[in-house]
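K.L.:
Protein chains in written order, with the numbering used here: chain A, 1 to 377; chain B, 1001 to 1294.
Even glycine gets a Cβ: it sits at the ideal position worked out from N, Cα and C.
Okay, here's the structure, questions in a sec.
Below, the structure written as structure tokens:
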């Protein structure tokens, strides 16, 4: 009996290793590709094939082939074509990978086609879905994608004077007399809180203001409590908040409680924690041309442009928006990452979603911009 | 055998101590005489009556000692055994055990623990600054004897408060309004030759009369505040965020701009006209209208 068990385990392990190796070989052709992976090497005789070829080549970073899949480009456009897929300047796109895509035909004639593609990107901040419309044309017996030339902003060499303003911390030492060198934590306050039920679960949201004269690193936690005063769930705002708040700055926050219904909740305990952090007052990012609109799929969104008013590149801008009803109550908080880096003195568009059920309530909105920049605290 | 004797002795001592703590032993009658009061860090002398050899125990806050003594002779406790204030139990065991209690009280004040709150305070706030002073002797014994602690609050050359407060149960405290000028608020607590100094940073309060002006530039609208002050005239600290909101025909634009060198400024892009307002925290400023690009 002592010998049989190890032998069985070895045999099973070898069998599983064999199955695993042979299984991967069979599946390798379709891993991460939603549509048309087997058509890559075929001549693109249909718009779907042509677009699939382009997307698969882009996904595999096979740039020579991908560039050959598009029309209306000059050889000098290749670098900007690649940058469109891979990002630049340490943007979110440059840390992302195209995981999969879904193609939906919108309109097809004999020599023209409109296709809508849902691109699924894996990024350091979670999966991001991008919806893009492509135009394809027939060139002889093959189809090619007309590449929409995006104007990649370029900043001319210049000197941008900036009055630097930052806060540094000097800590006390263990030898200091007790109470002699204490610095109070920044004074922050939750100025509004609202809880709503959605199909995905309960959501607690509102706004926090830094009432102090120093920067604060802020995090908001919420605990849902039932009728017996027992905690049901405890969550934090995670990245749906601008953590570093300068004096008198206001940030929205949103805390999601998946799969929890508010009818089981008797009370919500809010807890805002603020700590001293070194911080910089730059870069200043304006939010221009904000308006409620519909995206290509007809969903309601808040769109606008971010305007970097400083001389530093913002690698990953993050937009957080609070939406108010007619009484000034926060009815929704939404956020979104901008995949392109925000270069100095340039604009970058953004959109954030609004749930369909809340669109009618929204009367006003407030947008704050969080930012992650390399080489800075 | 030795261990059994130790256990029996320990049980006896514990019982004696328990009885004494209940007040069932009398120091004077038992032949052990202790001083009525001892100041911390000073030697104490304990008298015994009778004759023969005995074992002497002393149990106090953070101290225990056992020694052999001769009854009828004085027992000297060095100053190192009386550093901690509190009740001390002495037990002398010969054929029977006798015990007595004496108290060690704190020495004169040698240190002042002083806690002031908060470390930053907006100007002109009532009851905004508070301080607690706790006197200790050189051995860090809390002094329960009522003492007068002098509190002084000064900002610049202005004396905001000078008050003598008598300690209660070893604690003296004050509460006072903050001054009207931003800057360092010196807070001093003193007791005889001992003093402690703390500094509270008085900062400007919320902005007052926030006013902005704007002008069209080649690329958009440049808008900026006038120098931002609070209602007492103190400049609001640099870094404070002023939110500019421009309502245009096609939407609105906002910029959270920090005050730098007393002024916050922002650039609104776009060629259209706009109505621009400003706010900082809960304070609203004026509105300006800037026309469209000609």
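Which term fits residue 64(A), buried or exposed, when burial requires 16 or more other beta carbons within 10 angstroms of its beta carbon?
P.N.:
Taking the first chain and counting its residues from 1, one reaches residue 64(A) at position 64. Exposed, since its Cβ has fewer than 16 Cβ neighbours within 10 Å.
K.L.:
May I have the straight-line CA-CA distance separating residue 290(A) from residue 172(A), to the nearest angstrom?
P.N.:
Position 290 of the first chain, counted from the start, is the residue given in the question as residue 290(A). Position 172 of the first chain, counted from the start, is the residue given in the question as residue 172(A). Approximately 45 Å between the Cα atoms of the pair.
K.L.:
For residue 23(A), which three-state DSSP category applies?
P.N.:
Indexing the first chain from 1 puts residue 23(A) at position 23. Low per-residue confidence applies at residue 23(A): pLDDT is 47, beneath 50, and the placement is therefore not dependable enough to give any value.
K.L.:
Using 8 Å as the cut-off, can you tell me whether the stretch 341-358 of chain A makes contact with the stretch 259-268 of chain A, which would need three or more C-beta pairs spanning the two stretches below that distance?
P.N.:
Contact fails: fewer than three Cβ-Cβ distances are below 8 Å.
K.L.:
Check each candidate in 1126(B), 1112(B), 1173(B) and name the one with the smallest Cα separation from residue 1136(B).
P.N.:
Taking the first residue of the second chain as position 1, residue 1136(B) is located at position 136. Ranking 1126(B), 1112(B), 1173(B) by Cα distance to residue 1136(B) puts 1112(B) first.
K.L.:
Output needed in chain order: residues of the stretch 287-315 of chain A with a Cβ under 8 Å from some Cβ in chain B.
P.N.:
So the close ones are 287, 288, 289, 290, 291, 304, 305, 307, 309.
K.L.:
On a CA-only basis, which of 1293(B), 1290(B), 1285(B), 1254(B) is nearest residue 308(A)? Give me that one, please.
P.N.:
Working through the first chain from its first residue, we reach residue 308(A) at position 308. Among 1293(B), 1290(B), 1285(B), 1254(B), the Cα nearest to that of residue 308(A) belongs to 1254(B).
K.L.:
Look at residue 132(A) and residue 117(A) and say whether their C-beta atoms are less than 8 Å apart.
P.N.:
Working through the first chain from its first residue, we reach residue 132(A) at position 132. Working through the first chain from its first residue, we reach residue 117(A) at position 117. Taking 8 Å as the Cβ cut-off, residue 132(A) and residue 117(A) qualify as a contacting pair.
K.L.:
What would DSSP say about residue 76(A), mapped onto helix, strand or coil?
P.N.:
In the first chain, counting from the first residue as 1, residue 76(A) sits at position 76. Helix.
K.L.:
How about residue 1188(B) and residue 1197(B): are their beta carbons less than 8 Å apart?
P.N.:
In the second chain, residue 1188(B) corresponds to position 188, counting from 1. In the second chain, residue 1197(B) corresponds to position 197, counting from 1. Yes. Within cutoff.
K.L.:
Whose Cβ in chain B lies nearer than 7 Å to the Cβ of residue 182(A)?
P.N.:
Reading the first chain from its first residue, position 182 is the one you call residue 182(A). Neighbours of residue 182(A) on chain B, chain order: 1119.
K.L.:
Taking all protein chains shown into account, decide if residue 1089(B) is buried (16 or more other Cβ within 10 angstroms of its Cβ) or exposed.
P.N.:
Numbered from its first residue, the second chain carries residue 1089(B) at position 89. Buried, because 16 or more other Cβ atoms sit within 10 Å of the Cβ of residue 1089(B).
K.L.:
Would you say residue 224(A) lies against chain B (beta-carbon separation less than 8 Å)?
P.N.:
Reading the first chain from its first residue, position 224 is the one you call residue 224(A). No, because no Cβ of chain B sits closer than 8 Å to the Cβ of residue 224(A).
K.L.:
Let me see if you follow: with CB-CB separation under 8 Å, is residue 1087(B) close to chain A or not?
P.N.:
In the second chain, counting from the first residue as 1, residue 1087(B) sits at position 87. So no, residue 1087(B) is outside the interface.
K.L.:
Should the stretch 334-342 of chain A be regarded as contacting the stretch 1274-1283 of chain B, the criterion being three or more beta carbon pairs within less than 8 Å?
P.N.:
Taking 8 Å as the limit for Cβ pairs, the verdict is that the stretch 1274-1283 of chain B does not touch the stretch 334-342 of chain A.
K.L.:
Identify the continuous beta strand (DSSP E) that holds residue 281(A) and give its terminal residues.
P.N.:
In the first chain, counting from the first residue as 1, residue 281(A) sits at position 281. Residue 281(A) -> no beta strand (DSSP E), and no H or E assigned at all.
K.L.:
For residue 379(A), would you say it is in contact with chain B, using Cβ-to-Cβ distances shorter than 8 Å as the test?
P.N.:
Outside the modelled stretch of chain A, which goes from 1 to 377, sits residue 379(A), for which no answer is possible.
K.L.:
Identify whether residue 48(A) lies in helix, strand or coil by the three-state DSSP scheme.
P.N.:
The sequence position of residue 48(A) within the first chain is 48, counting from 1. Correct three-state label for residue 48(A): helix.
K.L.:
Going by CA-CA distance only, name the one from 192(A), 109(A), 43(A) that's closest to residue 324(A).
P.N.:
For the purposes of this step, residue 324(A) is taken as the residue at position 324 of the first chain. Nearest of 192(A), 109(A), 43(A) to residue 324(A), Cα basis: 192(A).
K.L.:
Can you tell me which of the three DSSP states residue 4(A) falls into?
P.N.:
Here residue 4(A) refers to the residue found at position 4 when the first chain is read from its first residue. Helix, per DSSP.
K.L.:
Do residue 190(A) and residue 201(A) come within 8 Å of each other at the CB atom, strictly closer than that value?
P.N.:
Within the first chain, residue 201(A) is the residue found at index 201, counting from 1. Within the first chain, residue 190(A) is the residue found at index 190, counting from 1. Not in contact: residue 201(A) and residue 190(A) (Cβ atoms no closer than 8 Å).
K.L.:
Tell me the rounded alpha-carbon separation between residue 1175(B) and residue 1131(B).
P.N.:
Numbered from its first residue, the second chain carries residue 1175(B) at position 175. Numbered from its first residue, the second chain carries residue 1131(B) at position 131. Computed Cα separation, rounded: 7 Å.
K.L.:
Please classify residue 1202(B) as buried or exposed, where buried requires at least 16 neighbouring CB atoms within 10 angstroms.
P.N.:
Along the second chain, one-based indexing puts residue 1202(B) at 202. Buried, by the Cβ-count rule.
K.L.:
Would you tell me roughly how many angstroms separate the C-alpha atoms of residue 1025(B) and residue 1039(B), rounded to the nearest one?
P.N.:
On the second chain, residue 1025(B) is found 25 positions in, with the first residue counted as 1. On the second chain, residue 1039(B) is found 39 positions in, with the first residue counted as 1. Any reading at residue 1025(B) needs caution, since the residue's pLDDT is 41, under 50, leaving its predicted position unreliable; the model's value is listed next. Rounded to whole angstroms, residue 1025(B) to residue 1039(B) spans 24 Å at the Cα level.
K.L.:
Nearest-angstrom Cα distance between residue 330(A) and residue 54(A)?
P.N.:
Position 330 of the first chain, counting from 1, holds the residue named residue 330(A). Position 54 of the first chain, counting from 1, holds the residue named residue 54(A). Going from the Cα of residue 330(A) to the Cα of residue 54(A) covers about 43 Å.
K.L.:
Using a Cβ-Cβ cut-off of 7 Å (strictly less than) and excluding sequence neighbours within five positions of residue 258(A), which residues of its own chain qualify?
P.N.:
The residue given as residue 258(A) occupies position 258 in the first chain. Cβ neighbours of residue 258(A) beyond the five flanking positions: 200, 201.
K.L.:
For residue 383(A), I'd like the list of residues in its chain whose CB is within less than 7 Å of its CB, leaving aside the five on either flank, ordered along the chain.
P.N.:
Any answer about residue 383(A) is impossible in this case: the structure gives chain A only from 1 up to 377.
K.L.:
Run down chain A in chain order and give the residues with a C-beta less than 8 Å from the C-beta of residue 1286(B).
P.N.:
Start at 1 with the first residue of the second chain, and residue 1286(B) comes out as number 286. Correct list: empty, because the minimum Cβ distance to chain A is about 18 Å.
K.L.:
Can you find a CB in chain B that lies within less than 8 Å of the CB of residue 379(A)?
P.N.:
For residue 379(A) there is no data in the structure shown, the boundaries of chain A being 1 and 377.
K.L.:
Using only the alpha-carbon positions, how far apart do residue 1219(B) and residue 280(A) sit?
P.N.:
Here residue 1219(B) is taken as the residue at index 219 of the second chain, counted from 1. Here residue 280(A) is taken as the residue at index 280 of the first chain, counted from 1. Spanning the two alpha carbons is a distance of roughly 26 Å.
K.L.:
Check the DSSP bridge columns for residue 172(A) and list the partner residues they point to.
P.N.:
As a first step, residue 172(A) is located in the first chain; it is residue number 172 there, counting from the start. According to DSSP, residue 172(A) bridges with nothing at all.
K.L.:
Are the C-beta atoms of residue 1253(B) and some chain A residue less than 8 Å apart?
P.N.:
Here the question's residue 1253(B) lines up with position 253 in the second chain. So yes, residue 1253(B) belongs to the interface.
K.L.:
Which residues in the same chain as residue 32(A) place their Cβ atom closer than 6 Å to its Cβ, once the five residues preceding and following it in sequence are excluded?
P.N.:
Counted from its first residue, the first chain places residue 32(A) at position 32. For residue 32(A), the predicted model reports a pLDDT of 35, less than 50, meaning its position is unreliable; a value from the coordinates is still stated below. If we look at residue 32(A) and ignore the five residues flanking it on each side, its Cβ neighbours are 99, 100.
K.L.:
Would you check if there are 3 or more beta carbon pairs closer than 8 Å linking the stretch 1075-1087 of chain B to the stretch 1113-1122 of chain B?
P.N.:
Contact between the stretch 1075-1087 of chain B and the stretch 1113-1122 of chain B is absent, because fewer than three Cβ pairs lie under 8 Å.
K.L.:
Taking only beta-carbon positions, decide if residue 92(A) is within less than 8 Å of chain B.
P.N.:
Residue mapping note: residue 92(A) aligns to position 92 of the first chain, counting from 1. So, not an interface residue.
K.L.:
Quick one: grab the DSSP three-state call for residue 1068(B).
P.N.:
Reading the second chain from its first residue, position 68 is the one you call residue 1068(B). Three-state result, residue 1068(B): strand.
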